[in-house]
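To start, the structure under review is shown below, and the notes come after it.
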Amino acid sequence: MSDAIDPQPFREKKAGTIRSLVPARLDRLPWARFHWMIVVGLGVSWILDGLEIQIVSQNGYATEFDMNSAEIGATGTVYLVGQVVGALFFGRLSDRLGRKKLFILTLAIYLAGSALAGLTPNFDNHWASIIVLWLFRFVAGAGIGGEYAAINSAIDELIPSHYRGHVDIAINGTYWGGAALGAAANLLFLNSGLFGSDWVDNWGWRLSFFIGPVLGLIIIYLRRHIPESPRWQITHGYEKEAEATVDQIEKDVEASGHPLEKVGDDRAITLSPQERVPFHILAKVFFKMYPKRTLVGATMMITQSFLYNAIFFSYALALQNFYDVDKSQTGYYFFPFAIGNLVGPLVLGRLFDSVGRRKMVLVTYGGSGVILAASAALFQADVLNAVTQTIFWCAAFFLASAGASAAYLTVSEIFPLEVRSQAISYFFSIAQIFGSLAPLIYGAMIGDGSDRGPITVGYFLGSAIMLIGGIVTFIFGVDAERKQLESVTDPLTLIHDEEAKEERRS
């Protein structure tokens, strides 16, 4: 299996050539106010997703709509299915129509879906209320799924290569800030002792659904000022627009006190713009041009998704059944777990740019696997309590969170620009499918808490899965740290030097 590259994967609908310094000009920029706008304006997506998952997992609509456990679980499943559908649909549109159109549209769809969920009528017919709620949860999920594809692409294409790794990893890690915010919101809006059970059952859960839309309305205004990716523009033939965009970015950077040197013509690339990438070319990219990278992307995404869903959706059950923690108190154990997941990418992210991608993936995936294995052995020996078990989980996911964030970064970096959003959407969707199996498996392993053996096996399984993810990436991964995206992976529309000279002669 080889990753040998066909330099000319397609040439239909040839639209002339473009010789551009746009990628080099973007990558030589120092960190400036413009990049903070990118971080804040685009990075909020993960906060919103974490917020949604946590609010939905403990919401009070179950009481007003008289929902049973299966119906509550199905509400979460509908949201996840919406994410998959949204990622696949909007991911292709992002590659076809541009990043900006999609990161405005997908955020608007999420805002509408989440707000409408909070306004779901309580019909006399039980199923009518549930189906309407599920419809709105599906819409909100589709918006967030589309965000994952469009936003990761835009961030990596706009952030200079020197900062790309740790910025992307830190942004992905903010999911857990959103989850902590959601948990805090639940403690407030679903607090029957503070507001009374009737208010919580009829109004508290509804208000919690508006936290995301209120935050999103502020961010959607900021996003109006974020430009289209100049990299996307040049591969689609919008050379003048790309140059104008970079001119304005450079002007803003220099105005903030950062003088810029000119970029030499030797760093220019020559492209033959194309409007779209046919599906047969897409298949060729994944399975013929870059099979090893496809293996790495799938392995990283599937392993982290399986582990996270396994532990995240079963940790409360484990605390209740094995450590006698009251159901009403399990939320308090979530906060240190979320903080560990949030801090990990922030602290370790820079090492992915200095020590290197492959080495740090091995450390984070492998390290989390080792800690989980140690905790599984101690769990089986019955020497842990609720606090020490949580400490082990925090330590393991401090590392795993940075690795999981790096999975999205890796998939975004190692495939050509023209299919970047679709690559993210496909691997994200595959990971969600495998990850959705984990809660079912681990819930069954926990059972009624009478036997620690099955879930101990489950914890060792999670450990082994993460070790496999780290080893596969270390062996077959790509050293993309501090490299221009076009150096990591040739654009499909790239014309190599000799062919570019022939084009200019003709």
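Per the UniProt record's numbering, the very first residue in the sequence shown carries number 1; after that it's consecutive.
Each residue gets a CB set at the ideal place from its N, CA and C atoms; glycine is no exception.
Q: Using 10 angstroms around the beta-carbon of F286, count the other beta-carbons present and answer buried if the total reaches 16, otherwise exposed.
A: Counting from one through the sequence shown, the residue named residue 286 turns up at place 286. So F286 counts as buried.
Q: Reducing DSSP to helix, strand and coil, say where R19 ends up.
A: If you number the sequence shown from 1, residue 19 lands on position 19. In the three-state scheme derived from DSSP, where H, G and I count as helix and E and B as strand, R19 is classed as strand.
Q.
Given this structure, state the Cα-to-Cα distance separating G141 from Y290, to the nearest angstrom.
A. If you number the sequence shown from 1, residue 141 lands on position 141. If you number the sequence shown from 1, residue 290 lands on position 290. Looking at the two C-alpha atoms, the distance is approximately 30 Å.
Q. Is the distance from the Cβ of T245 to the Cβ of E228 below 8 Å?
A. Along the sequence shown, read from residue 1 onward, the residue named residue 245 stands at position 245. Along the sequence shown, read from residue 1 onward, the residue named residue 228 stands at position 228. For T245 and E228, yes; Cβs fall inside 8 Å.
Q. How close, in whole Å, do the beta carbons of G435 and M300 come, if the pair is a contact with beta carbons under 8 Å?
A. For the purposes of this step, residue 435 is identified with residue 435 of the sequence shown, where counting begins at 1. For the purposes of this step, residue 300 is identified with residue 300 of the sequence shown, where counting begins at 1. Incorrect: roughly 13 Å between the Cβ atoms, too far for contact.
Q. What separation, rounded to the nearest whole angstrom, lies between the Cα atoms of R276 and F89?
A. For the purposes of this step, residue 276 is identified with residue 276 of the sequence shown, where counting begins at 1. For the purposes of this step, residue 89 is identified with residue 89 of the sequence shown, where counting begins at 1. So the alpha carbons of these two residues sit roughly 15 Å apart.
Q. Who are the near neighbours of G41 in its chain, counting only those whose CB is closer than 8 Å to its CB and skipping five residues on each side?
A. Indexing the sequence shown from 1 puts residue 41 at position 41. Here the set comprises I219, L222, R223, H225 and I226.
Q | Residue of A373, E250, L351 and V85 minimising C-alpha distance to S429 | A | Within the sequence shown, the letter at position 429 stands for residue 429. When each option's Cα is compared against that of S429, the closest is V85.
Q: Please list, in chain order, all residues of the same chain as D66 whose beta carbon is under 8 Å from its beta carbon, the five residues on each side excluded.
A: In the sequence shown, counting from the first residue as 1, residue 66 sits at position 66. The residues are H126.
Q: State yes or no: is the C-beta of F398 within less than 8 Å of the C-beta of G331?
A: Residue numbering aside, residue 398 sits at position 398 when the sequence shown is read from its first letter. Residue numbering aside, residue 331 sits at position 331 when the sequence shown is read from its first letter. In this structure, G331 does not lie closer than 8 Å to F398 by Cβ.
Q.
I need the DSSP call for T270, collapsed to helix, strand or coil.
A. Residue mapping note: residue 270 aligns to position 270 of the sequence shown, counting from 1. Looking at T270 - three-state DSSP - the assignment turns out to be strand.
Q) Hey, out of L384, Q304, Q484 and Y323, whose CA is closest to G366's CA? A) Position 366 of the sequence shown, counted from the first residue, corresponds to residue 366. For G366, the nearest C-alpha among the options comes from Q304.
(Q) Taking DSSP's pairing of strands, which residues face L409 in a bridge? (A) Stepping through the sequence shown from its first residue, residue 409 is reached at position 409. Looking at the DSSP assignment, L409 forms no beta bridge with any residue, so it has no partner.
Q.
Using 8 Å as the threshold, is the C-beta distance between P439 and N309 below it?
A. Within the sequence shown, numbered from 1, the residue matching residue 439 stands at position 439. Within the sequence shown, numbered from 1, the residue matching residue 309 stands at position 309. Closer than 8 Å, so yes.
Q) How many whole angstroms separate the CB atoms of T364 and G403, which I take to be in contact at a CB cut-off of 8 Å? A) Against the sequence shown, residue 364 aligns to sequence position 364. Against the sequence shown, residue 403 aligns to sequence position 403. T364 to G403, Cβ: 3 Å. Contact.
Q | Where I495 falls: helix, strand or coil (DSSP) | A | Here residue 495 refers to the residue found at position 495 of the sequence shown. Strand at I495.
Q.
So, for I424: in the same chain, excluding its five sequence neighbours on each side, which residues have a beta-carbon less than 8 Å away from its beta-carbon?
A. In the sequence shown, counting from the first residue as 1, residue 424 sits at position 424. Contacts found: A87, G91, Y148, A149, N152, S153, Y408, V411 and S412.
Q) alpha helix (DSSP H) containing Q380: first to last residue? A) As a working mapping, residue 380 is identified with position 380 in the sequence shown. Element bounds for Q380: R357 to Q380.
**Q.** Given L492 as reference, the closest of G216, P30, Q320 and I281 once Cα atoms are compared
**A.** Translated into positions along the sequence shown, residue 492 becomes position 492. With distances taken between Cα atoms, L492 lies closest to I281.
Q. Can the beta-carbon of F189 be found less than 8 Å from the beta-carbon of L215?
A. Translated into positions along the sequence shown, residue 189 becomes position 189. Translated into positions along the sequence shown, residue 215 becomes position 215. No. Outside cutoff.
Q) Going by the beta-carbon positions, is the gap between A386 and Y442 smaller than 8 Å? A) On the sequence shown, position 386 is the one that residue 386 refers to. On the sequence shown, position 442 is the one that residue 442 refers to. No, they are not a contact pair.
Q) So, helix, strand or coil for K262, using DSSP? A) Here residue 262 refers to the residue found at position 262 of the sequence shown. Looking at K262 - three-state DSSP - the assignment turns out to be coil, as it is neither helix nor strand.
Q) Between the region 470-484 and the region 351-364, do at least 3 Cβ pairs fall closer than 8 Å? A) yes
Q) Excluding five sequence neighbours on each side, which residues of the same chain lie with their C-beta closer than 7 Å to the C-beta of A373? A) Sequence index remark: in the sequence shown, residue 373 carries index 373 (1-based). Counting only residues of its own chain and dropping the five nearest sequence neighbours on each side, A373 has a CB closer than 7 Å to the CB of F460 and S463.
Q. Per DSSP, what kind of secondary structure is R206 in: helix, strand or coil?
A. Here residue 206 corresponds to residue number 206 of the sequence shown, with the count starting at 1. Helix.
Q: Could you give the DSSP three-state label for G403: helix, strand or coil?
A: Taking the first residue of the sequence shown as position 1, residue 403 is located at position 403. Looking at G403 - three-state DSSP - the assignment turns out to be helix.
**Q.** Whole-number beta carbon distance between N202 and E64, since they are thought to touch under 8 Å
**A.** Taking the sequence shown and counting its residues from 1, one reaches residue 64 at position 64. Taking the sequence shown and counting its residues from 1, one reaches residue 202 at position 202. At roughly 6 Å, the Cβ-Cβ gap stays under 8 Å, so E64 and N202 are in contact.
Q.
If I follow the unbroken alpha helix (DSSP H) through D168, where does it start and stop?
A. Residue 168 sits at position 168 when you count from the first residue of the sequence shown. Here the alpha helix (DSSP H) through D168 covers S161 to G173.
(Q) For W205 and Q432, I'd like the C-alpha separation in whole angstroms. (A) Position 205 of the sequence shown, counted from the first residue, corresponds to residue 205. Position 432 of the sequence shown, counted from the first residue, corresponds to residue 432. Using only the alpha carbons, I get a separation of about 26 Å.
Q: Alpha carbon to alpha carbon, how far is L295 from E241? Give it in angstroms, no decimals.
A: The sequence position of residue 241 within the sequence shown is 241, counting from 1. The sequence position of residue 295 within the sequence shown is 295, counting from 1. Answer to the nearest angstrom: the Cα atoms are 36 Å apart.
Q: Note the first and the last residue of the continuous alpha helix (DSSP H) segment covering E486.
A: Within the sequence shown, numbered from 1, the residue matching residue 486 stands at position 486. Segment L485 to V488, the alpha helix (DSSP H) holding E486.
Q.
Quick check on the burial criterion: 16 or more other C-beta atoms within 10 angstroms. Buried or exposed for I465?
A. Taking the first residue of the sequence shown as position 1, residue 465 is located at position 465. The residue in question, I465, is buried, as its Cβ has 16 or more Cβ neighbours within 10 Å.
Q: Consult DSSP for P336 and reduce its assignment to one of helix, strand or coil.
A: Position 336 of the sequence shown, counted from the start, is the residue given in the question as residue 336. Helix.
Q. Along the chain, where does the alpha helix (DSSP H) that runs through R293 open and close?
A. For the purposes of this step, residue 293 is identified with residue 293 of the sequence shown, where counting begins at 1. For R293, the enclosing alpha helix (DSSP H) begins and ends at P291 to F312.
Q) Whose C-beta lies closer than 7 Å to the C-beta of Q380 among residues of the same chain, with five residues either side of it excluded? A) In the sequence shown, the residue the question calls residue 380 occupies position 380. The residues are R452 and T456.
Q) By how many angstroms is the C-alpha of G177 removed from the C-alpha of G82? A) Counting from 1 along the sequence shown, the entry for residue 82 is found at position 82. Counting from 1 along the sequence shown, the entry for residue 177 is found at position 177. Distance between the alpha carbons of G82 and G177 is about 22 Å.
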